[in-house]
Amino acid sequence: MDPNSLKGLYIHIPFCSVKCYYCDFVAFSGQGNSTTRYLKALQKEMGSYKGAFVDTLYIGGGTPTELNAEELKFLLDSVQNHFGSIRDFQESTLEANPESLSRDKVDLLKSYDMNRISLGLQATQDRLLRILGRQHTYDDFILVYGNLRRLGFKNLNVDLMFGLPEQFLADFRQSLEQVCDLGPEHVSLYGLQVEEKTVFKKRGYRVEEEESREMYQEALERLTQAGYRHYEISNFAKPGYESVHNQIYWRDEEYVGLGCGATSYRGGVRKTNTGRLNLYLNRMEEGISPAEEEERLEGKEKLGETILLGLRMLSGLRLSERMKAEFHEQWQDLQGKGLIFFEDSKVRLSSEGLFLANRVFREFVPPF
Ligand code: SF4
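In our numbering, the protein residues as written are 212 to 579.
Here it is as structure tokens:
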């Protein structure tokens with residue numbers, strides 16, 4: 212393993228005050244007393260890569276801002292002790308929820324020169340935020356957004372969701388309007404998926420496909436009008452503000468993920484740490500690898516993964532002869548259904564394909 216290159220470094224903080232009703236991420240509520248052990252475990256994991264040259268850092272979750280200011284400082288110091296000054300990274304993102312990004316934490320992030328903050332907003336109507344089980348109001352978000360701008364953060368992302376229970380097109384339009392008026396540099400847009408073991412699943416909620424499609428279409432138009440470039444299925448950026456870190460995933464490049472449930476991809480091997488918090492902590496303390504799954508992606512399977520990642524990008528994917536030959540039937544079928552199109556020797560998702568991307572991607576994962 213080359214210790215000198217670590218293009219993308221992801222650190223997972225799996226703590227949340229309360230689990231949102233749609234969430235199936237590796238995130239735990241009521242585990243605040245594990246944070247010190249967790250941060251020490253992360254520090255130990257960082258030790259395997261000490262001295263590596265980091266291009267992009269992404270601290271995600273869970274809710275990284277569930278850490279208090281002292282814990283956040285410990286984490287950022289650990290990063291700097293292993294990988295050098297955060298100031299020198301090309302991009303350093305921290306995910307934050309409005310209710311827990313207090314002013315002292317904003318000051319702290321600024322003092323470390325973190326240069327990108329990603330805020331989970333989801334909707335601007337408090338009624339919908341309550342339905343989602345979110346712990347903040349729109350006013351909380353506005354306060355935090357203002358603090359970040361006042362302190363000079365010039366690269367902000369805002370997450371929005373569509374296809375929510377009791378969300379009407381008018382609500383979603385209003386969310387888009389309000390976000391466009393604020394003008395963050397980046398907007399991420401997620402259509403609700405009702406996942407197993409979530410509160411929404413237990414309540415039997417189903418996403419209305421037609422309404423969802425209308426909202427997605429509305430977002431494409433409104434965000435484009437407002438000067439955002441749609442560069443990935445779910446992501447929109449003002450020119451020059453595309454997420455450098457996330458493009459590492461979509462371009463099928465190497466990255467390292469640290470923490471409970473985090474995935475790394477290096478040397479053709481994908482490795483995922485256990486998503487069970489206590490097991491992760493115990494293993495790290497006993498000096499045992501926290502990796503639970505390890506697979507070497509090869510042959511057609513690897514090719515399929517490269518294709519589905521590449522198709523996420525609106526710029527499209529240049530197909531190798533092998534990609535054309537191995538998936539000949541799939542290309543014919545998807546083109547026939549109007550989900551993809553070929554142009555300038557590249558393949559791209561059509562507007563219907565963008566909305567139904569998961570159906571397209573299924574064609575490229577085994578069994579083929
Ligand atoms: S804040 Fe994010 S990670 Fe935490 S429960 Fe909600 S959606 Fe999941």
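Ideal Cβ positions, reconstructed from N, Cα and C, are used throughout, including at glycine.
Residue of the options minimising C-alpha distance to residue i
{"i": "Ser245", "options": "Leu488, Gly262, Arg481", "result": "Leu488"}
{"i": "Ala307", "options": "Leu567, Ser561, Gln333", "result": "Gln333"}
{"i": "Ser289", "options": "Ile270, Glu277, Thr274, Gln301", "result": "Ile270"}
{"i": "Thr517", "options": "Val558, Gly295, Ser399", "result": "Val558"}
{"i": "Lys316", "options": "Thr276, Glu419, Asn292, Leu514", "result": "Thr276"}
{"i": "Arg433", "options": "Gln385, Arg338, Pro577, Ser228", "result": "Gln385"}
{"i": "Gly478", "options": "Gln458, Glu497, Gly470, Glu505", "result": "Glu505"}
{"i": "Gly273", "options": "Lys284, Leu514, Tyr221, Asn326", "result": "Tyr221"}
{"i": "Trp461", "options": "Glu443, Lys449, Gly451, Leu469", "result": "Glu443"}
{"i": "His223", "options": "Ala252, Lys230, Val229", "result": "Ala252"}
{"i": "Glu554", "options": "Asn569, Glu537, Gln543, Gly527", "result": "Gly527"}
{"i": "Ser303", "options": "Glu453, Gly394, Val265, Met325", "result": "Met325"}
{"i": "Cys231", "options": "Leu375, Asn358, Gly357, Lys321", "result": "Leu375"}
{"i": "Glu377", "options": "Leu362, Leu354, Leu403, Val369", "result": "Leu403"}
{"i": "Leu525", "options": "Asp351, Gln458, Ala473", "result": "Gln458"}
{"i": "Thr267", "options": "Gln428, Ser562, Phe294", "result": "Phe294"}
{"i": "Leu343", "options": "Ser556, Asn358, Val410", "result": "Val410"}
{"i": "Glu503", "options": "Leu469, Leu520, Glu453, Gly331", "result": "Leu469"}
{"i": "Gly472", "options": "Val229, Tyr249, Gly241", "result": "Tyr249"}
{"i": "Thr474", "options": "Ala280, Glu256, Cys227", "result": "Glu256"}
{"i": "Gly363", "options": "Val369, Phe447, Asp318, Val390", "result": "Asp318"}
{"i": "Glu388", "options": "Met426, Glu453, Arg414, Asn366", "result": "Met426"}
{"i": "Arg533", "options": "Arg523, Lys513, Leu545", "result": "Lys513"}
{"i": "Asn366", "options": "Phe538, Leu330, Asp392", "result": "Leu330"}
{"i": "Val265", "options": "Leu320, His397, Val455", "result": "Val455"}
{"i": "Leu545", "options": "Ala280, Leu560, Asp370", "result": "Leu560"}
{"i": "Ala238", "options": "Leu490, Pro225, Phe285", "result": "Pro225"}
{"i": "Phe538", "options": "Thr435, Thr483, Pro577, Arg345", "result": "Pro577"}
Reduced DSSP category for residue i - H, G, I as helix; E, B as strand; rest coil
{"i": "Ile444", "result": "coil"}
{"i": "Asn279", "result": "coil"}
{"i": "Gly308", "result": "The sequence shown places Asn at residue 308, rather than the Gly named in the question. In this structure, Asn308 counts as coil in the three-state DSSP scheme."}
{"i": "Glu465", "result": "coil"}
{"i": "Gly510", "result": "helix"}
{"i": "Tyr233", "result": "coil"}
{"i": "Gly479", "result": "coil"}
{"i": "Thr274", "result": "coil"}
{"i": "Ile499", "result": "coil"}
{"i": "Ser399", "result": "strand"}
{"i": "His223", "result": "strand"}
{"i": "Phe239", "result": "strand"}
{"i": "Lys261", "result": "coil"}
{"i": "Lys557", "result": "strand"}
{"i": "Leu530", "result": "coil"}
{"i": "Glu406", "result": "coil"}
{"i": "Leu217", "result": "strand"}
{"i": "Leu362", "result": "coil"}
{"i": "Glu574", "result": "coil"}
{"i": "Leu525", "result": "coil"}
{"i": "Tyr452", "result": "coil"}
{"i": "Tyr582", "result": "As displayed, the chain neither begins before 212 nor continues past 579, which places residue 582 out of reach and without an answer."}
Cut-off 8 Å between Cβ atoms - residues of its own chain near residue i, not counting five sequence neighbours on either side
{"i": "Lys408", "result": "Asp235"}
{"i": "Leu340", "result": "Gln333, Ala334, His347, Thr348, Tyr349"}
{"i": "Lys412", "result": "Val405, Glu406"}
{"i": "Leu567", "result": "Leu550"}
{"i": "Lys535", "result": "Trp542"}
{"i": "Gly241", "result": "none"}
{"i": "Lys284", "result": "Leu319"}
Extent of the continuous alpha helix (DSSP H) to which residue i belongs
{"i": "Phe199", "result": "Residue coverage of the chain in this structure runs from 212 to 579, which leaves residue 199 outside it and unanswerable."}
{"i": "Arg433", "result": "420 to 436"}
{"i": "Val317", "result": "314 to 322"}
{"i": "Ala381", "result": "380 to 393"}
{"i": "Ile342", "result": "337 to 343"}
{"i": "Gln543", "result": "539 to 547"}
Chain C contact for residue i (CB, 8 Å cutoff)
{"i": "Met524", "result": "Here there is only one protein chain, and chain C is not present."}
Contact set for residue i: own chain, Cβ-Cβ below 6 Å, skip 5 residues either direction
{"i": "Ser313", "result": "none"}
{"i": "Met212", "result": "Low confidence applies here, because Met212 scores a pLDDT of 47, under 50, leaving its location unreliable; read the following figure in that light. Result list for Met212: empty, nothing under 6 Å."}
{"i": "Leu519", "result": "Phe572, Phe575"}
{"i": "Pro309", "result": "His347, Asp351, Phe352, Val355"}
Limits of the beta strand (DSSP E) - the one that residue i falls within
{"i": "Glu554", "result": "551 to 554"}
{"i": "Leu371", "result": "367 to 373"}
{"i": "Ile328", "result": "327 to 333"}
Neighbourhood of residue i by C-beta distance below 7 Å, restricted to the same chain and skipping five residues each side
{"i": "Asp337", "result": "Thr348, Tyr349"}
{"i": "Leu287", "result": "Ile297, Tyr323"}
{"i": "Asn569", "result": "none"}
{"i": "Lys261", "result": "His293"}
{"i": "Arg529", "result": "Ser556, Lys557"}
Would you say the region 491 to 507 touches the region 538 to 549, given that touching needs at least three Cβ pairs under 8 Å? In short, these stretches do not touch, since the Cβ pair count stays below three.
With three or more C-beta pairs closer than 8 Å as the rule, is the region 217 to 231 touching the region 461 to 470? Enough Cβ pairs lie closer than 8 Å, so yes.
Three or more C-beta pairs below 8 Å linking the region 440 to 460 and the region 488 to 503: No, the region 440 to 460 is not in contact with the region 488 to 503.
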